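The structure appears right after this line, and notes come after that.
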Amino acid sequence: MTSETLTLSRASAIHQLQSHFEKHKWSLRELFATDTQRAENFSLEAAGIYLDYSKNHLRQDTLQLLLGYAEDQGLSEQISALLSGANVNNTEHRPALHTALRFQGKPQTDHEHAVADCRTQIKRFAETIHNQSWLGFSNKPIRHIVNIGIGGSDLGPRMVVETLSPWHKKGVRVHFVANIDGADLNDTLKNLDPEETLFIIASKSFSTLETRENALSARRWMLAAGCNEKQLAQHFVAVSSNIVATQDFGIAPENIFPMWDWVGGRYSLWSAIGLPIVLACGYDVYEQLLQGAHSMDQHFANAPLQKNLPVIMALIQFWYRQCWNTGSQVVLPYAQRLAKFPAWLQQLDMESLGKSVDKDGQALGYPSGSVIWGTEGTNGQHSFHQLLHQGTDLIPADFIAVKEPTSELHEQHRWLLACCISQSQALLRGKSLHEARQELEKAGYTHREAHTLAPHKVVPGNRPSNTLILGKLDPHHLGALLALYEHKVYAGGCLLGINPFDQWGVELGKQLSSKIYQAADGEVPNDWDSSTRALMKKLL
Ligand code: F6P
Numbered sequence: 002m003t004s005e006t007l008t009l010s011r012a013s014a015i016h017q018l019q020s021h022f023e024k025h026k027w028s029l030r031e032l033f034a035t036d037t038q039r040a041e042n043f044s045l046e047a048a049g050i051y052l053d054y055s056k057n058h059l060r061q062d063t064l065q066l067l068l069g070y071a072e073d074q075g076l077s078e079q080i081s082a083l084l085s086g087a088n089v090n091n092t093e094h095r096p097a098l099h100t101a102l103r104f105q106g107k108p109q110t111d112h113e114h115a116v117a118d119c120r121t122q123i124k125r126f127a128e129t130i131h132n133q134s135w136l137g138f139s140n141k142p143i144r145h146i147v148n149i150g151i152g153g154s155d156l157g158p159r160m161v162v163e164t165l166s167p168w169h170k171k172g173v174r175v176h177f178v179a180n181i182d183g184a185d186l187n188d189t190l191k192n193l194d195p196e197e198t199l200f201i202i203a204s205k206s207f208s209t210l211e212t213r214e215n216a217l218s219a220r221r222w223m224l225a226a227g228c229n230e231k232q233l234a235q236h237f238v239a240v241s242s243n244i245v246a247t248q249d250f251g252i253a254p255e256n257i258f259p260m261w262d263w264v265g266g267r268y269s270l271w272s273a274i275g276l277p278i279v280l281a282c283g284y285d286v287y288e289q290l291l292q293g294a295h296s297m298d299q300h301f302a303n304a305p306l307q308k309n310l311p312v313i314m315a316l317i318q319f320w321y322r323q324c325w326n327t328g329s330q331v332v333l334p335y336a337q338r339l340a341k342f343p344a345w346l347q348q349l350d351m352e353s354l355g356k357s358v359d360k361d362g363q364a365l366g367y368p369s370g371s372v373i374w375g376t377e378g379t380n381g382q383h384s385f386h387q388l389l390h391q392g393t394d395l396i397p398a399d400f401i402a403v404k405e406p407t408s409e410l411h412e413q414h415r416w417l418l419a420c421c422i423s424q425s426q427a428l429l430r431g432k433s434l435h436e437a438r439q440e441l442e443k444a445g446y447t448h449r450e451a452h453t454l455a456p457h458k459v460v461p462g463n464r465p466s467n468t469l470i471l472g473k474l475d476p477h478h479l480g481a482l483l484a485l486y487e488h489k490v491y492a493g494g495c496l497l498g499i500n501p502f503d504q505w506g507v508e509l510g511k512q513l514s515s516k517i518y519q520a521a522d523g524e525v526p527n528d529w530d531s532s533t534r535a536l537m538k539k540l541l
């Protein structure tokens with residue numbers, strides 16, 4: 002098949018799914034009424050994570066159609082291709098081997114040998130910080146670590162460090178700086194003592210504007226505090242695949258942790274980019290995180306498609322996007338410590354699936370990635386859940402709940418879980434006009450008042466959600482959860498026929514920002530639009 006016919010055949014298969022949707026309109030309430038075993042029939046468990054996907058507009062025949070589509074796209078082969086190190090990132094001619102970063106047992110491949118060496122380097126370095134044998138320029142031990150990085154070099158480690166706060170070691174605190182806005186760095190450094198501070202410059206490319214500028218400012222801050230050029234080696238380490246640029250910055254070769262082109266930025270927290278995790282929580286915790294992710298990798302590799310948790314979740318998202326015209330997907334972790342999870346997922350999903358052409362460069366005749374957003378429950382209930390319940394858009398939700406309490410306030414944990422379950426129940430059931438009227442009359446409203454007010458109280462319901470349950474919010478379960486979403490996104494990319502591992506769209510903004518920065522001091526090209534020119538005049 003030519004690439005053009007492939008794209009067309011994918012579009013026509015999607016069209017068939019759409020007709021299934023047109024033909025069968027059912028309500029979620031009906032689906033539950035006609036199948037008392039629905040929760041059992043539409044749930045899965047793997048790597049310590051339980052998925053209830055019964056509150057979705059799916060019947061067995063829908064699922065079969067979706068699975069048939071996945072098979073036609075060669076999803077099983079594409080999963081094997083990813084895991085065996087084939088060049089799945091076809092535009093950059095590379096494999097995407099983040100799964101090799103969490104291998105267990107003895108290293109077998111070259112990649113695994115490189116990873117094993119890197120793990121040893123991380124472990125040894127972390128020991129010197131924790132046992133206070135690594136000293137700053139005035140011979141004080143290091144108490145503050147500042148990770149300077151952005152995107153994948155920030156979001157993953159930041160989220161994991163925050164989630165695993167009960168595992169934080171005493172004596173060392175980890176901070177994160179990402180934004181080019183100097184306030185980010187300034188506000189972080191203002192309470193820190195340079196003599197006790199170590200910076201990790203985390204940048205796969207070592208050419209990212211934000212990281213470069215923050216790193217240079219951090220360097221100046223150290224020098225202003227009395228550290229000399231030579232002593233900078235005691236305060237700066239780097240994680241990068243660009244050894245030359247890293248050394249040019251002045252990082253001692255022994256303080257450079259490797260990154261490889263076969264690891265994508267948004268999949269990199271399992272590499273030395275996860276160094277802040279090790280420094281905050283200790284090497285054992287990092288190992289447990291890797292083990293959790295590895296157990297999900299094993300499941301993804303071996304489970305048949307219909308029992309494969311990431312695949313089922315990808316199919317559900319695909320189904321709504323293609324056939325229900327959904328533009329966004331909300332993720333609602335009912336765990337305070339997972340507050341940064343939606344931001345991490347946003348990069349993972351939107352940078353991967355936000356594409357307009359397929360792997361062969363043919364324009365997609367169907368929508369690709371959707372907007373991913375969300376916040377920690379229950380805070381979202383008091384801000385945007387109103388729109389989820391009564392707005393005009395259908396927004397599928399992923400609820401994430403943790404069974405074991407994450408604090409000593411067990412009664413509050415019970416409430417938290419009750420809130421989580423009630424939200425998905427409310428989305429499913431809604432409240433009919435009849436129920437709203439009855440409720441008002443019962444509350445003492447006259448028949449006429451109840452009639453007028455009831456339409457405002459109607460909640461359409463019939464709105465879908467998944468609920469994921471983690472036994473515990475510990476490193477192992479967290480690793481499995483993150484790997485689950487990574488694989489879901491990959492499977493989603495395969496269903497769409499796109500390359501989920503490049504991100505060329507980000508480049509244009511980068512190119513233009515340096516042109517604008519430079520032009521602000523000189524000639525502004527005449528052919529630039531008047532808005533850009535006016536904004537430059539006002540701001541720069
Ligand atoms: O924003 C694009 C991007 O390349 C991300 O994919 C990446 O995670 C981030 O920039 C940071 O890149 P680097 O680690 O090379 O500084």
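The sequence shown begins at 2 in this note's numbering and counts up one residue at a time. Using N, Cα and C, we set each Cβ at its ideal position, and we do this for glycine too. Nothing here was measured: the structure is a model prediction, and the numbers come from that model.
- Taking 8 Å as the cut-off, the Cβ atoms of residue 398 and residue 339 do not count as close.
- Remark: the C-beta of residue 150 is in contact range of ligand 1, defined as less than 7 Å to any heavy atom.
- Closest in alpha carbon position to residue 28, among 417, 372, 347, 428, is 428.
- Out of 229, 132, 227, 202, the CA that lies nearest to the CA of residue 217 is found in 202.
- The three-state reading of DSSP puts residue 330 in strand, counting E and B together.
- The C-beta of residue 401 has 16 or more other C-beta atoms within 10 Å across all chains shown, which makes the residue buried.
- For the options 187, 325, 103, the alpha carbon positioned closest to that of residue 394 is the one of 325.
- For residue 243, there is no enclosing beta strand (DSSP E), as DSSP marks it with neither H nor E.
- Residue 144 carries a coil assignment under DSSP once its states are collapsed to helix, strand and coil.
- In the assembly as shown, residue 539 is an exposed residue. Its beta-carbon has fewer than 16 other beta-carbons within 10 Å.
- Scanning 534, 487, 478, 351 for the CA closest to the CA of residue 290 turns up 478.
- In the three-state reduction of the DSSP assignment, residue 517 falls in the helix class, which pools H, G and I.
- For secondary structure counted as the alpha helix (DSSP H) over 4 or more consecutive residues, the segment 399 to 462 holds these complete runs in sequence order: 411 to 430, 434 to 443, 448 to 458.
- Judged by DSSP secondary structure, residue 261 falls outside any alpha helix (DSSP H); it is assigned neither H nor E.
- With fewer than three CB-CB distances shorter than 8 Å, the segment 277 to 297 does not count as touching the segment 78 to 86.
- Looking at 193, 182, 452, the one whose alpha-carbon comes closest to that of residue 176 is 193.
- Scanning its chain for C-beta atoms nearer than 6 Å, with the 5 sequence neighbours on each side dropped, one finds around residue 321 the residues 327, 397, in chain order.
- Pairing residue 260 with residue 240 gives a Cβ-Cβ distance under 8 Å.
- One Cα belongs to residue 93, the other to residue 244, and the distance between them is close to 20 Å.
- Each residue's CA atom was taken as its position, placing residue 295 and residue 65 some 28 Å apart.
- Taking the Cα of residue 314 as reference, the smallest distance to any Cα among 264, 485, 124, 155 is reached at 485.
- Judged by their CB atoms, residue 184 and residue 312 are not nearer to each other than the 8 Å cut-off.
- Rounded to the nearest whole angstrom, the C-alpha separation of residue 124 and residue 263 is 22 Å.
- Across the structure, residue 25 and residue 409 are spaced so that their CA atoms are roughly 48 Å apart.
- Residues of the same chain with a CB within less than 7 Å of the CB of residue 447, apart from the 5 flanking positions on each side, do not exist.
- Residue range 29 to 35 is occupied by the alpha helix (DSSP H) that includes residue 33.
- A distance below 6 Å between beta-carbons, with the five flanking residues on each side excluded, links residue 256 to the following residues of its chain, in chain order: 238.
- Secondary structure of residue 345 (DSSP, three-state): helix.
- Look at the beta carbons and you see the segment 46 to 63 touching the segment 469 to 477: at least three pairs across the two are nearer than 8 Å.
- By the C-beta density criterion, residue 507 is exposed, having fewer than 16 other C-beta atoms within 10 angstroms.
- Not one heavy atom of ligand 1 lies closer than 7 Å to the C-beta of residue 332.
- Under the criterion of beta carbons closer than 8 Å, residue 236 and residue 198 qualify as touching, at roughly 7 Å.
- Inter-segment contact for the segment 433 to 453 and the segment 509 to 526 is absent: fewer than three beta-carbon pairs are separated by less than 8 Å.
- As for any alpha helix (DSSP H) of minimum length 4 sitting wholly inside the segment 59 to 106, the runs are 61 to 73, 76 to 84, ordered along the chain.
- For residue 267, the CB falls within less than 7 Å of some heavy atom of ligand 1.
- Between ligand 1 and the CB of residue 204, the shortest heavy atom gap is smaller than 7 Å.
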